[in-house]
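So in UniProt numbering, the last one in the sequence shown is 289, and the numbering has no gaps at all.
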Amino acid sequence: MSDTAPHHGRPARYKVEIGDENLNFRTVEIDDPVPTGRQLIKAAGAHPVEDYVASAFMPDGTLEDLRLDELFDLRERGVERVIVVRTDRSFRFLIDGKDMEWPKPVVSGLVLKRLAGVDPARHDVYQEIRGADDVLVRNTDLVDLTKPGVERFFTAVAQTTEGLSALPPRDATYLEARGLDHTVVDEGGHRGVILHDFLLPPGRFNVPSADVLILLPPGYPDCAPDMFYCIPCLTIATTGAEPRATQARLAFQGRTWQRWSRHNSEWRPGIDGLHTMVKRVERALAEAA
Numbered sequence: 001m002s003d004t005a006p007h008h009g010r011p012a013r014y015k016v017e018i019g020d021e022n023l024n025f026r027t028v029e030i031d032d033p034v035p036t037g038r039q040l041i042k043a044a045g046a047h048p049v050e051d052y053v054a055s056a057f058m059p060d061g062t063l064e065d066l067r068l069d070e071l072f073d074l075r076e077r078g079v080e081r082v083i084v085v086r087t088d089r090s091f092r093f094l095i096d097g098k099d100m101e102w103p104k105p106v107v108s109g110l111v112l113k114r115l116a117g118v119d120p121a122r123h124d125v126y127q128e129i130r131g132a133d134d135v136l137v138r139n140t141d142l143v144d145l146t147k148p149g150v151e152r153f154f155t156a157v158a159q160t161t162e163g164l165s166a167l168p169p170r171d172a173t174y175l176e177a178r179g180l181d182h183t184v185v186d187e188g189g190h191r192g193v194i195l196h197d198f199l200l201p202p203g204r205f206n207v208p209s210a211d212v213l214i215l216l217p218p219g220y221p222d223c224a225p226d227m228f229y230c231i232p233c234l235t236i237a238t239t240g241a242e243p244r245a246t247q248a249r250l251a252f253q254g255r256t257w258q259r260w261s262r263h264n265s266e267w268r269p270g271i272d273g274l275h276t277m278v279k280r281v282e283r284a285l286a287e288a289a
């Protein structure tokens, strides 16, 4: 219960946390256990009331706008949370699959993390860009929500693979979205990702697909993967020759891999990941063919 017991005949008071557009909250007390949106805006000290919108946090973490005369029960789940922001409309977006509405035309990376319910110090947030690489949204970056279409965001643990038992969530999400059959493998302190039956440029090599191994260095994703490896050994269909700089071999997981020496001299920590490494693999295969 979010009410305070009455004393000496005084009515009970009900606590509610009211936040601003940066999700900085303070606790206020209201006499009415079921106030209207108008009452909540007044409790925030905002005026004129008609210029503001009160939005309540729902149990699933989403936000729901409260009309000025709509009732909001403060007795249900403990101390309720509401944000009060000056605006005349709301802007819809998705984060981690949740449908959200935000009462401002821009939203910061820090607010996105807080809305997603993740630790801002331990997580990154990315904006999905159709047909291009996802963009890291830093805490102080502002994203324009007024553009046509619904903006999409996702969060990922800001942590390297050292000590992790799985891929960073962003990489796992990318591989699943691409439908890439893959296995995460470890051997001798080295971690790798095997892309099974990875499709090759049609008719260009001796086989239509191959297993592709990407080794992840200590410190990934802050540090860049370098080369990649293929099984079976690929040769050019028209000549039978191996592509340039693929003659070396690697023994890993009981198999012998063809090493593709395609070095990575440019890496953007916080932006690049398996999604950009796979693009490098595809480009290298297309150029060799």
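Glycine included, C-beta positions come from ideal geometry on N, C-alpha and C.
The structure presented is a predicted model; accordingly, all values stated were derived computationally and were not measured.
Taking the Cα positions, Val-107 is about 14 Å away from Phe-154. Nearest to Arg-86 by alpha-carbon distance, out of Ala-46, Asp-141, Ala-210 and Pro-225, is Ala-46.
Apart from the 5 residues on each side of it in sequence, Asn-139 sits with its Cβ closer than 6 Å to the Cβ of Gly-109 and Leu-110 in its chain, given in chain order. If you draw a straight line from the Cα of Thr-146 to the Cα of Asp-272, it comes to about 27 Å.
If you draw a straight line from the Cα of Thr-256 to the Cα of Thr-239, it is about 23 Å long. Taking all protein chains shown into account, Ala-44 has 16 or more neighbouring C-beta atoms within 10 Å of its C-beta and is therefore buried. By the neighbour-count criterion, in which 16 or more other beta carbons inside 10 Å mark a residue as buried, Leu-195 falls on the buried side. Spatial neighbours of Gln-39 in its own chain (CB-CB distance under 7 Å, excluding positions within 5 residues in sequence) are listed in chain order as Ile-30 and Asp-32. In the three-state reduction of the DSSP assignment, Gly-37 falls in the helix class, which pools H, G and I. Taking the Cα of Lys-279 as reference, the smallest distance to any Cα among Asp-222, Arg-204 and Arg-178 is reached at Arg-178.
Residues of the same chain with a CB within less than 7 Å of the CB of Leu-112, apart from the 5 flanking positions on each side, are Ile-95, Val-125, Val-137 and Phe-153 in chain order.
The DSSP assignment places 209-216, 228-231 and 249-252 as complete runs of the beta strand (DSSP E) inside the stretch 205-255, in order along the chain (cut-off: 3 residues). Here the alpha carbons of Met-227 and Leu-250 stand approximately 11 Å from one another. Take Ala-237, set aside five residues on each side of it, and the residues of its chain with a beta-carbon closer than 7 Å to its own are Gly-203, Arg-204, Phe-205 and Asn-206, in chain order.
Ala-288 carries a helical assignment under DSSP once its states are collapsed to helix, strand and coil. The beta carbon of Ala-116 lies closer than 6 Å to those of Ile-95, Asp-96 and Thr-155 in the same chain, with the five residues before and after it left out. Excluding five sequence positions before and after Glu-187, the CB atoms of its chain that fall closer than 8 Å to its own CB belong to Phe-252 and Gln-253, given in chain order. The beta carbons of Thr-276 and Asp-99 sit about 29 Å from each other, so the pair does not count as a contact at 8 Å. The secondary-structure analysis by DSSP pairs Ser-108 across a beta bridge with Leu-142.
When rounded, the separation of the alpha-carbon atoms in Leu-200 and Cys-233 is 13 Å. According to the DSSP assignment, Leu-195 belongs to the beta strand (DSSP E) that extends over 190-199.
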